[in-house]
């Protein structure tokens, strides 16, 4: 059921003129290679066989699984990664991106276990929201985390308001999340609901 919900909401996001939706290997060779052909900026990638990309996607997933052990990804997020890889929604006042892996990773959105990625104590970073107007909003930046370790509530998504951390860092927050509740808020009960909220708010999540 959640897989159907994700597909429905992704198709809604795809209609936004300011959104980008990637294509994972799970969608099959024809769609995947069409995505590469239409968008990739490295021509050499087009010469690689589809099986190579399937293997690379499996390697990425294995890397994520090793990182988060002994925890595991929820099925809805896993389905999203395999089918789409990642999405972005760009507005005049903000830019939202999910973290993931797919043919357009690091061109459209950050790699899940790359430089922008973060994992700590059962919390996996799955998205970012940046505000474009530093004069009006300051350098406001939100990091979204999936609770894999049931520290707050299993598979809920929280948003950490990075400008509220002060002298703290994310290690401090996830060491004692309840003591640092002033800098994070509950966003969604699941990954599916998080993506639904992204669509409903056009990637702003009520912060603007």
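In the working numbering, the protein residues as written are 482 to 689.
For each residue, glycine too, the CB sits at the ideal point set by N, CA and C.
All figures in this text were calculated on a predicted structure; none of them were measured in a lab.
| Item | Value |
| --- | --- |
| Starting from residue 501, follow the beta strand (DSSP E) in both directions and report where the run begins and ends. | 500 to 502 |
| If you draw a straight line from the alpha carbon of residue 482 to that of residue 554, how long is it in whole angstroms? | In this predicted model, residue 482 has a pLDDT of only 47, less than 50, meaning its place in the structure is not dependable; the value taken from the coordinates is given anyway. Roughly 17 Å separates the two Cα atoms. |
| Could you please give the first and the last residue of the uninterrupted alpha helix (DSSP H) stretch that includes residue 558? | 556 to 564 |
| Is the Cβ-Cβ distance between residue 579 and residue 592 less than 8 Å? | no |
| Can you tell me which of the three DSSP states residue 669 falls into? | strand |
| Given a cut-off of 8 Å on the beta-carbon distance, is the pair residue 663 and residue 645 in contact? | yes |
| In three-state terms, what does DSSP make of residue 627? | strand |
| Could you give the distance in angstroms between the alpha-carbon of residue 673 and the alpha-carbon of residue 487? | 6 Å |
| Once the 5 residues before and after residue 584 are set aside, which same chain residues still bring their CB inside 8 Å of it? | 503, 504, 513, 516, 517, 520, 521, 526, 534 and 566 |
| Between the region 542 to 554 and the region 593 to 601, do three or more beta carbon pairs fall short of 8 Å? | yes |
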